[in-house]
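Chains as they are written, first to last, in the working numbering: chain A, 3 to 724; chain B, 6 to 128; chain C, 7 to 160.
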């Protein structure tokens, strides 16, 4: 495909149109059959077809055309909506999306597949012969041979012979009000060859009766041209029906030599041409009836739509280059670090106490924070588009696994950073597929359990106390814990005699390489495990947790920081180095008494707390740092919540303080670092690593520590360069 | 005097393609994204020719033609409708509504410019 | 640093520096800036040639010890040590070197093929040699230095 900025615009716009299409169809499915809804669905496909045509995307145009035909029939009430047709429309919208994707990537879609969808669309009409929106008729000019008393003149249509025509032309009032200029039309005739035009002055005789709105002016034009009659007719293409027009071949031999001739016919040699008003190609006895039936009905529905839609004026928006926003975010991040540096220096200056300066510095901090929130909000997008995509995923998953499922969404308007929306797409897709495939039971099993045959997947998004919560909940069978435990033991992921709580068993699903599917269904076995989901979410600075009730269903909860770039962190010392631990992971800090710690084996330790034994992880050792702390001192422990282990205690040297830090990515310039999710810049300008407590804790589970396998990989380049 | 074109179409892609074609021919180009905005812009720009799509939200092409031809404006400015259909029915309907002519999508830049020149007499 | 003659169309400019007592060079188009050494934050379980990460005006860039990478031993601490900040595609990285020598302007035909070097890795990471006043300078293939196991730019 050519690289063309308008092509980019086309794909951008098509994405929006596809969203609007999905939204409209969902509304129709829910029973909304308002004219505006049906119209907007039609327009979406119509616009996609229009744009695609400009770029010669024939497959896309072809399918869109047939889709549009059905939609047009629906919106004009020629076709009644029933579940079967609704089903076809929804599937067709999905397929249209595939065609767009194929057009974008240059892939091709099998003809059989396309034929299948086309047949389904055709099926909507059943036996009815509906007139196509676009009859693809070409405006044909019938070549009529004129029936003259005299022998016919052979009107040659070859371009190198000279043809002569006499044309009479009398515009109706509508020709003028339609914005036509007789002078231009006659001039266009002149472009075809040589003309001699004669104005019929008779009409001016009755001057008092002259009506400027209906001037009844007419002309007789003689044309000598190499063009054919078809070309001549084409000049009048737009005014067919709003004028009297006759075109007759001129049976003379002598060419017209001078542009203006006298009214008298004697200037011509031979008999005068006889115009045949009744058999010319264009003939209208009267102007066409004004206001065809279709037009007023369009008007009334539009008026109704306007009222119904309640003054849907577009909100003023601004289209901004994403790069500019990212640069702004970077600079604002620097601003915040700068403020922290100043605050730190000031705090270090113990010999000065300037209350005013304290206030100023605090104001600076709050202002910087405000700017940052404002700038991050620019990149904020509602999750709606993401959620809408999921309905298709649910449909496909249900079709592929023989389940019946519907998607309910709550909180579509919840806004998150654009990057989050993009990077949540894959994990969310997997979780939703998972829910349909493994969570929901088949229709018979559900009915037997007293549930409706249709399974429900509920997708919700909300903001709460500085975080975004996204949940995927199914009303299926819930997790089969004994089975999960069995598989984990069989795969050696946990000790054979391990005793785990329910939530700990649920957390096993996040271990790498875990899959309960003995047979690879159509969906699972694509190699994406829940551990990848967890990593994707962790890379966004968030966490994912799971809860399940046998027989009732399973719920996944993704928690994300509201602002991508900033995180509440606890700044700690580990092996003499400064690290940051996300506050959201920390349950509490503990300074254990000697008796609370118990050694097991050679290296491991357990913490006894509130009647339970919790594994202790030496962070320094996990990271391969040499511990510089005094071993005799009781370590400081951070109690963290881990998906795989339940609770776990991390050993650190000391806690420095708690503050908000700006998250800097390691991926763009380096890659993924095990045990570390990102980095931040401290007040003194040095980099501090941000710990991934989950990974640190998880290292204890596996037979071999993944942390030891250090192989930096180049991360996603689509990441905002924080 | 440079010819002033006003294009009304709800598709960004089409508006951009029209811009390229019109500005390439040396015309002044303005655009609007639906009929309502189009009628507003009409009074501001006072174009020499209007190109309008038919299927648009808020006010469709026929509404635009009616607003321009009737009401307070009563203009005889040439109006071309952009359509994906080339059937007789549509042409008759457009003409009956007051359109001067039509352009079928997908349009060829040269053909478009030629039609614009045809109905405006512009060079 | 001395600059040689003005670059012509057929000549290429290199920044040359010393690491592990040998001379290396990088095409100037890849070099973003030269920085003084500043404290580096260690990365967990990093191999000896990855010293850690450093703050470059708000971006986090990894610092590689070039001498260590070429098996020439770790660079000794020295106030003349500098970081050559280089770009490989979208990545910005820093190379710790002993000192920067000069900027060379060399015509393409003066760049010679790499002679037989014992170390496979070294041979892969060097794309050619250029004769200089007191010996040779080795032209570095930055991609091969960063990804010795071979990875394409994404």
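Just so you know, even glycine gets a beta-carbon here, dropped at the ideal spot from N, CA and C.
Beta carbon of residue i, beta carbon of residue j: below 8 Å?
i, j, result
"residue 197/A", "residue 236/A", "no"
"residue 662/A", "residue 570/A", "yes"
"residue 8/B", "residue 53/B", "yes"
"residue 44/B", "residue 57/B", "no"
"residue 561/A", "residue 548/A", "no"
"residue 19/A", "residue 61/A", "no"
"residue 29/C", "residue 138/C", "yes"
"residue 20/C", "residue 103/C", "no"
"residue 475/A", "residue 460/A", "yes"
"residue 609/A", "residue 594/A", "yes"
"residue 532/A", "residue 590/A", "no"
"residue 151/C", "residue 42/C", "no"
"residue 167/A", "residue 250/A", "yes"
"residue 546/A", "residue 576/A", "no"
"residue 676/A", "residue 697/A", "yes"
"residue 85/B", "residue 104/B", "yes"
"residue 73/C", "residue 25/C", "yes"
Name, in chain order, the residues that DSSP records as bridge partners for residue i.
i, result
"residue 471/A", "464/A, 561/A"
"residue 33/B", "9/B"
"residue 583/A", "572/A"
"residue 457/A", "407/A"
"residue 208/A", "For residue 208/A, which the question treats as bridged, DSSP gives no partner whatsoever."
"residue 42/C", "88/C"
"residue 650/A", "642/A"
"residue 199/A", "223/A"
"residue 681/A", "666/A, 691/A"
"residue 657/A", "574/A"
"residue 389/A", "Per DSSP, none; premise fails for residue 389/A."
"residue 615/A", "610/A"
"residue 167/A", "225/A, 251/A"
Between residue i and residue j, which are expected to be in contact by the criterion C-beta below 8 Å, what is the C-beta distance as a whole number of angstroms?
i, j, result
"residue 322/A", "residue 383/A", "In fact, because the Cβ distance is near 13 Å, the residues do not count as touching under 8 Å."
"residue 64/A", "residue 19/B", "Incorrect: roughly 19 Å between the Cβ atoms, too far for contact."
"residue 678/A", "residue 50/C", "6 Å"
"residue 147/C", "residue 132/C", "7 Å"
"residue 27/A", "residue 43/A", "6 Å"
"residue 111/C", "residue 17/C", "5 Å"
Quiz item: Between the region 65–81 of chain B and the region 169–184 of chain A, do three or more beta carbon pairs fall short of 8 Å?
Solution: yes
Quiz item: Residues in the region 561–589 of chain A with C-beta within 7 Å of chain C's C-beta atoms, listed in sequence order?
Solution: 579
Self-check item: Near-chain A residues of the region 63–81 of chain C - C-beta to any C-beta below 7 Å
Solution: 64, 65, 66, 67, 68
Practice problem: Closer than 7 Å, Cβ to Cβ, to anything on chain B: give me those residues from the region 4–18 of chain A, in chain order. | Solution: 8, 11, 12, 15
Quiz prompt | contact_flag[the region 402–411 of chain A, the region 359–377 of chain A] where n(CB pairs < 8 Å) is 3 or more | solution = no
Quiz prompt | chain B contacts from the region 471–495 of chain A (Cβ-Cβ distance under 9 Å) | solution = none
Quiz item: Should the region 477–488 of chain A be regarded as contacting the region 435–450 of chain A, the criterion being three or more beta carbon pairs within less than 8 Å?
Solution: yes
Quiz item: Is the region 18–38 of chain C close to the region 211–223 of chain A, with three or more CB pairs under 8 Å?
Solution: no
Practice problem: Scan the region 26–56 of chain B for residues whose Cβ lies nearer than 7 Å to a Cβ of chain A and list them as they occur along the chain. | Solution: none
Quiz item: Is it true that the region 80–88 of chain C meets the region 99–117 of chain B, where meeting means three or more beta-carbon pairs spaced less than 8 Å apart?
Solution: no
Practice problem: Return the residues of the region 182–195 of chain A that lie within a Cβ-Cβ distance of less than 8 Å from chain B, sorted by chain order. | Solution: 182, 183, 185, 186, 189, 190
Practice problem: May I ask you to verify whether the region 59–70 of chain C touches the region 110–122 of chain C, counting CB pairs closer than 8 Å and requiring at least 3? | Solution: no
Quiz item: Quick one, which residues of the region 674–692 of chain A are near chain C if we go by CB-CB under 8 Å, in chain order?
Solution: 675, 676, 677, 678, 681, 683, 687, 688, 689, 690, 691
Quiz item: Using a beta-carbon distance cut-off of less than 7 Å, what residues from the region 43–63 of chain C approach chain A?
Solution: 45, 47, 48, 49, 50, 51, 52, 53, 59, 60, 61
Practice problem: Please name the residues in the region 320–342 of chain A whose beta-carbon is closer than 9 Å to at least one beta-carbon of chain C, in chain order. | Solution: 332, 333, 335, 336, 339
Quiz item: Is the region 76–95 of chain A close to the region 110–122 of chain A, with three or more CB pairs under 8 Å?
Solution: yes
Practice problem: Output, in sequence order along the chain, the residues in the region 88–103 of chain C whose CB is closer than 7 Å to any CB in chain A. | Solution: 96, 97, 98, 99
Practice problem: Below 7 Å between beta carbons is the criterion; list the residues of the region 16–35 of chain A that meet it against any residue of chain B, in chain order. | Solution: none
Quiz prompt | Contact list for the region 397–413 of chain A against chain C, Cβ threshold 9 Å | solution = none
Quiz prompt | Residues of the region 78–89 of chain B whose Cβ lies closer than 7 Å to any Cβ of chain A, in chain order | solution = 81, 82, 83, 84, 89
Exercise. Residues of the region 644–668 of chain A with a CB closer than 8 Å to any CB of chain C: list them in chain order, please.
Key: 666, 667, 668
Quiz prompt | Inter-stretch contact at 8 Å, needing at least 3 Cβ pairs: the region 41–60 of chain A / the region 88–95 of chain B | solution = yes
Quiz item: Mind listing which residues of the region 112–123 of chain B have their C-beta closer than 8 Å to chain A's C-betas, in chain order?
Solution: 112, 123
Quiz prompt | Residues in the region 96–109 of chain B having any Cβ partner in chain A nearer than 8 Å | solution = 96, 97, 98, 100, 101, 102, 103, 104, 105, 106, 107
Practice problem: Closer than 7 Å, Cβ to Cβ, to anything on chain C: give me those residues from the region 531–552 of chain A, in chain order. | Solution: none
Quiz item: Between the region 600–629 of chain A and chain C, which residues of the former have a C-beta closer than 8 Å to a C-beta of the latter?
Solution: 624, 625, 626, 627
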